[in-house]
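Working notes, beginning with the structure itself.
Protein chains: 2
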Amino acid sequence: MAVGGGGTGYVPEAEAQLVDASNGAPLFHQIAVILRDRIVSGELGPGARLPSEADICGLWSVSRITAKRALDTLALEGLVARARGRGTTVLQRTRPPSATTRLDGWFENASRMAEATTIHVLGFGYRPAPAHVANELDLTPGTEVQHARRVRRLDGRALSHLESWVPAEIGRGWTEQAMRATPLMRLLAEHGAAPATARQTISATTAPPDVAAALDMVSGAALLDVRRRVVDASGRAVQFMRALYRPDLYRFEMELGRSEGEGGWRTDAASTPERQAGASQG
Amino acid sequence: MAVGGGGTGYVPEAEAQLVDASNGAPLFHQIAVILRDRIVSGELGPGARLPSEADICGLWSVSRITAKRALDTLALEGLVARARGRGTTVLQRTRPPSATTRLDGWFENASRMAEATTIHVLGFGYRPAPAHVANELDLTPGTEVQHARRVRRLDGRALSHLESWVPAEIGRGWTEQAMRATPLMRLLAEHGAAPATARQTISATTAPPDVAAALDMVSGAALLDVRRRVVDASGRAVQFMRALYRPDLYRFEMELGRSEGEGGWRTDAASTPERQAGASQG
DNA sequence: CACTATTTGTCCGTATGTATG
DNA sequence: TCATACATACGGACAAATAGT
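Spelled out as structure tokens, the structure:
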């Protein structure tokens, strides 16, 4: 029995994607992951039909209850619509990945982003710098730093979770209200620490429960993990931040040409031991 | 009893990270996510001690078996070491994120990467182009394309899962052996489709089981999700590929300066409907 | 050296939720 | 709906290794 056709059809190598009961994760969840990936990858576009419950039973040798739960999970997330007789179809992305960032023109991006989004401050205070933060900011561990946790929203939808550390000598005296209304880059500039350059790494991670809650996601979902170390014109580290982005609402986009620079791909080796815990861990 | 101190100390807002039994995900898994994030974020560096099983019991009100399973999970992943009487400690990253990529100098990166890694071909063949691929390659859906699934390995460890589509008129006649030994960019060049530029988007996704198996990860883990549309000098699309990277072994790294270009941040709106499923989905 | 507290390893029995048939 | 199987989670108990007094 083949894949229940219809719509765009084409379900490649369905059987190659195995689900394993002894895997720890519930079966319905594993199947939901597979189908979700086909949707976000674009393989199943808006309007496309997902395999029916009966198809799923046959494809992965599971009971219909399990198949139904997998599809219901996707429906709860708003990815698909289910209807008797019509099957399960991929919904129009009401708002496709709402925000993309080009990696050139950092300053312009930051300020444009600040204009279009709102900030909610989750936490804000002064505390001794943990080791890895002190390392990034060239401070001795325990030095006081300003720590803030914020959420950026684009027309009501949580876009990113931002955790920022600023040396207390710079961040001293900022109010929570200022942190809500004024872009951090401007606050830094107004306190004699105008950002000049930054070193940024992009990775991925799973959402811990507190971040997941702040971003309206389930715990364990995949997030873009961006770390940025900002220095001013004199080379002093003025901010370290970790931003976690919802991948369905935010992504990076870039044009690749020929050479330009000659920085490039490299394996580990090198990298000084002091920096090990921090930026060069990546 | 407070947080089991020791080592680097500083466990911020431990109690603020709640675990919820009715969340769907198992408790031990939720706790493992929290602790794993503290390790990969650098908060707990090599040698640092994790909270003991008893600590975890108190912090999140779970039984010792649950606490133990959370810690055992991290030990299985090779992140921590456990020993009676000594507790659970973060391991030295024997090989820190083995590979990082600067985003300038695409060609140099690609060839350098090809030198240092090996390729394993998982699947290879010709088939009608699914809609989203045809869209990216400016073909009509159903046109024959060459499709390949490969895994890139760096000294034995799976680094990335690569899925590539090339129009059949270009990719016709390539052998599986050539795809293993010769960089794709060179193969393209040798068939009159020398890559000139590419448009790339970086996002994150969860690992479907087949990809997870190929990369030696558990299904559902977070992956870097990179899509690239390559065009030759005449503007013809010559390849579309989706690369999924292990975030612990690979990440992007870049320097951010002032302006340079004026491409930048934007919200949705715009974007032609035809391109909706693909790169300009954002 | 013993003594103790800490911490993990292993075992038991039981209750609940998930998934199959 | 029911019986069965398994994973999850709880509570408790004891043994073994480590570190400090």
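Which chain is which? The protein sequence lines are A and B, in order. Throughout, this note's numbering is defined as the position within the first sequence, counted from one, plus 491. Throughout, this note's numbering is defined as the position within the second sequence, counted from one, plus 491. C-beta: ideal position from N, C-alpha, C; glycine also.
> On the three-state DSSP scale, how would you describe Glu-751 (chain A)?
Replying inline: Here the model assigns Glu-751 (chain A) a pLDDT of 46, short of 50, so the residue's position is not dependable and the matter cannot be decided.
> Exposed or buried, which one is Gly-662 (chain A) when buried takes at least 16 other CB atoms within 10 Å?
Replying inline: buried
> Terminal residues of the continuous alpha helix (DSSP H) containing His-682 (chain A)?
Replying inline: His-682 (chain A) -> no alpha helix (DSSP H), and no H or E assigned at all.
> Which residues share a DSSP beta bridge with Ala-695 (chain B)?
Replying inline: B:Leu-715
> What residues of chain A sit near His-652 (chain B), judged by a beta carbon separation below 8 Å?
Replying inline: Those do not exist, as His-652 (chain B) stays about 12 Å from chain A at its closest Cβ, beyond 8 Å.
>> When you measure from the CB of Gly-536 (chain A) to every non-hydrogen atom of the ligand GDP, does any distance come out below 7 Å?
In response: With respect to small molecules bound, the structure shown includes none, and the ligand GDP cannot be examined in it.
> If you follow the beta strand (DSSP E) that Glu-667 (chain B) is part of, which residue opens it and which one closes it?
Replying inline: Careful: Glu-667 (chain B) lies outside any beta strand (DSSP E), inside the alpha helix (DSSP H) at 667-672.
> Which of the residues in the segment 733-748 of chain B, read from start to end, lie with their CB under 7 Å from any CB of chain A?
Replying inline: Arg-733, Pro-738, Arg-742, Phe-743, Glu-744, Met-745, Glu-746, Leu-747, Gly-748
> Going straight from the alpha carbon of Leu-645 (chain A) to that of Glu-681 (chain B), what length do you get?
Replying inline: 46 Å
>> For the segment 706-732 of chain B, list every residue whose C-beta sits within 9 Å of some C-beta in chain A, in sequence order.
In response: Val-709, Ser-710, Gly-711, Ala-712, Ala-713, Leu-714, Leu-715, Asp-716, Arg-718, Arg-719, Val-721
> For a contact meaning CB atoms closer than 7 Å, what does Ile-610 (chain B) contact in chain A?
Replying inline: Per Cβ cutoff of 7 Å: no residues; Ile-610 (chain B) is ~15 Å from chain A at best.
>> At the 8 Å Cβ level, is Val-642 (chain A) part of the contact set with chain B, yes or no?
In response: no
> Between Gly-536 (chain A) and Val-722 (chain B), what straight-line distance do the alpha-carbon atoms span, to the nearest angstrom?
Replying inline: 23 Å
> Roughly how many angstroms lie between the CA atoms of Thr-696 (chain B) and Trp-665 (chain A), to the nearest whole one?
Replying inline: 36 Å
> When you compare only the Cα positions, how much space is there between His-611 (chain B) and Phe-615 (chain A)?
Replying inline: 49 Å
> Mind checking Ser-589 (chain A): buried by the 16 CB within 10 Å criterion, or exposed?
Replying inline: Note on Ser-589 (chain A): pLDDT 48, under 50, position unreliable in the model; no value is reported.
> When the Cβ atoms of the segment 670-689 of chain A are set against those of the segment 697-707 of chain A, are three or more pairs found closer than 8 Å?
Replying inline: no
> Can you check whether the CB of Ser-651 (chain A) is closer than 8 Å to the CB of Ala-639 (chain A)?
Replying inline: no
> Which same chain residues, not among the five before or five after Arg-527 (chain A), have their C-beta less than 8 Å away from its C-beta?
Replying inline: Leu-565, Glu-568, Leu-570
> From B:Arg-577, B:Arg-648, B:Met-676, B:Ile-547, pick the residue whose C-alpha is nearest to that of Ser-602 (chain B); which is it?
Replying inline: B:Met-676
> Which residues bound the beta strand (DSSP E) around Ala-574 (chain A)?
Replying inline: 571-574
> What's the C-alpha gap between Pro-632 (chain B) and Thr-580 (chain B)?
Replying inline: 53 Å
>> Would Gly-536 (chain A) pass as an interface residue toward chain B - the criterion being a Cβ-Cβ separation below 8 Å?
In response: yes
> How would you call Asp-707 (chain B), buried or exposed, if buried means at least 16 neighbouring beta carbons within 10 angstroms?
Replying inline: exposed
>> If you follow the beta strand (DSSP E) that Leu-613 (chain A) is in, where does it begin and where does it stop?
In response: 609-619
> When the cut-off is 8 Å and only beta carbons count, does Val-531 (chain A) lie next to chain B?
Replying inline: yes
> Which class does Val-553 (chain A) belong to by DSSP, given the choice of helix, strand or coil?
Replying inline: coil
> To which residues of the same chain is Ala-713 (chain A) closer than 7 Å at the C-beta, ignoring the five residues directly before and after it?
Replying inline: Ala-695, Thr-697, Pro-738
>> Distance check for Glu-635 (chain A) and Val-531 (chain A), CA to CA, integer angstroms please.
In response: 43 Å
>> If I follow the unbroken beta strand (DSSP E) through Ala-539 (chain B), where does it start and stop?
In response: Neither: Ala-539 (chain B) is in no beta strand (DSSP E) and is coded neither H nor E.
> If we ignore side chains and look at the alpha-carbon of each, how far apart do Arg-618 (chain B) and Val-524 (chain A) end up?
Replying inline: 25 Å
>> For Val-709 (chain A) and Ala-734 (chain A), which I take to be in contact (beta-carbon distance under 8 Å), what is that distance rounded to the nearest angstrom?
In response: Going by Cβ atoms, the distance from Val-709 (chain A) to Ala-734 (chain A) rounds to 20 Å, so no, they are not a contact pair.
>> On a Cα-Cα basis, can you pick out the residue from B:Arg-560, B:Ser-543, B:Cys-548, B:Ala-689 that is closest to Gly-578 (chain B)?
In response: B:Ser-543
> So what does DSSP say about Leu-582 (chain A), is it helix, strand or coil?
Replying inline: coil
>> Rounded to whole angstroms, what is the Cα-Cα separation between Ser-750 (chain B) and Thr-688 (chain A)?
In response: With a pLDDT of only 49 at Ser-750 (chain B), under the threshold of 50, the placement of this residue in the model should not be trusted, and no figure is reported.
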